[in-house]
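Quick notes on the structure that follows.
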Amino acid sequence: MSKDDDMNGENRPGDSLVKLLQRLQLPYLRSHYHELAQTAAEQGWGHLDYLQRLIEGEVARREDKSLAQRVRRARFPMTKTLDQFQWSWPKKINRAQIQNLFRLNFIEQKANVIFLGGVGLGKTHLSIALGQAACARGYSVLFTTAIDIIHTLSAAAGTGSLKRTMQRYLKPSLIIVDSC
Numbered sequence: 017m018s019k020d021d022d023m024n025g026e027n028r029p030g031d032s033l034v035k036l037l038q039r040l041q042l043p044y045l046r047s048h049y050h051e052l053a054q055t056a057a058e059q060g061w062g063h064l065d066y067l068q069r070l071i072e073g074e075v076a077r078r079e080d081k082s083l084a085q086r087v088r089r090a091r092f093p094m095t096k097t098l099d100q101f102q103w104s105w106p107k108k109i110n111r112a113q114i115q116n117l118f119r120l121n122f123i124e125q126k127a128n129v130i131f132l133g134g135v136g137l138g139k140t141h142l143s144i145a146l147g148q149a150a151c152a153r154g155y156s157v158l159f160t161t162a163i164d165i166i167h168t169l170s171a172a173a174g175t176g177s178l179k180r181t182m183q184r185y186l187k188p189s190l191i192i193v194d195s196c
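When you line the sequence shown up against the numbering used here, it's residues 17 to 196, in that order.
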């Protein structure tokens, strides 16, 4: 290999490392190892500190990707959070009880939560926010409507796939059935 080959970008230092990281499916490490190595050198990090920061970045990337997949699979019609909820309406809502639900203990206890009330009181908002909080904590969630369940199961019964289709509703850790 000549010096010109190296100048043209062939066999650059790190090329074999990039290929290995690609093969191991470590995109964060592949994209950030060089930049982080420079920072490590400038700030005097030890080898283990450098490696830990690379691994932390890869773990965070994977957790973000996993969360995005859970949220996509949940099929929420919109994004809602508990922070966005208007506590001034309805007047008689038990705020402490609602906030306690967001600890998500009911999921492990395999208990049900039912929001009852008239139209426009925030039942759907709280349900979506609860589901998104569950996704953030690693639970699988499905948001659906009662009418969608009825239509889907009726169609599945007609095609002989009821048992397989029923799994769609039984598999998630949390299923949210909205009445609208």
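Quick reminder that beta carbons are idealized off the backbone N, C-alpha and C, glycines included. Since this is a predicted model, take the numbers as computed values, not measurements.
Nearest to residue i by CA position, among the options, is which residue?
{"i": "arginine 119", "options": "Gly147, Lys96, Val135", "result": "Gly147"}
{"i": "leucine 142", "options": "Lys81, Gln113, Leu42, Lys187", "result": "Gln113"}
{"i": "lysine 139", "options": "Leu186, Val193, Glu124", "result": "Val193"}
Determine the extent of the beta strand (DSSP E) in which residue i is found, giving its start and end residues.
{"i": "valine 5", "result": "Residue 5 falls outside the range modelled here, since the chain spans only 17 to 196, and no answer is possible."}
{"i": "aspartate 194", "result": "190-194"}
Does the beta-carbon distance from residue i to residue j come in below 8 Å?
{"i": "arginine 86", "j": "serine 156", "result": "yes"}
{"i": "tyrosine 66", "j": "alanine 56", "result": "yes"}
{"i": "leucine 83", "j": "alanine 150", "result": "no"}
{"i": "glutamine 73", "j": "histidine 48", "result": "The amino acid occupying residue 73 in the given sequence is glycine; glutamine does not appear at that position. In this structure, histidine 48 lies closer than 8 Å to glycine 73 by Cβ."}
{"i": "leucine 190", "j": "methionine 182", "result": "no"}
Could you give the distance in angstroms between the alpha-carbon of residue i and the alpha-carbon of residue j?
{"i": "alanine 172", "j": "glycine 134", "result": "32 Å"}
{"i": "arginine 28", "j": "glycine 154", "result": "41 Å"}
{"i": "leucine 98", "j": "alanine 145", "result": "6 Å"}
{"i": "arginine 91", "j": "glutamine 115", "result": "23 Å"}
{"i": "asparagine 121", "j": "lysine 108", "result": "24 Å"}
{"i": "leucine 52", "j": "proline 188", "result": "39 Å"}
{"i": "serine 177", "j": "cysteine 196", "result": "26 Å"}
Taking the continuous alpha helix (DSSP H) assigned at residue i, which residues delimit it?
{"i": "valine 87", "result": "63-90"}
{"i": "glutamate 147", "result": "Residue identity differs from the one stated: residue 147 is glycine in this sequence, not glutamate. Run containing glycine 147: 139-152, per the alpha helix (DSSP H) assignment."}
{"i": "glutamine 54", "result": "43-59"}
{"i": "asparagine 116", "result": "111-117"}
With H, G and I counted as helix, E and B as strand and the rest as coil, what does DSSP make of residue i?
{"i": "glutamine 125", "result": "coil"}
{"i": "serine 177", "result": "coil"}
{"i": "methionine 182", "result": "helix"}
{"i": "leucine 40", "result": "coil"}
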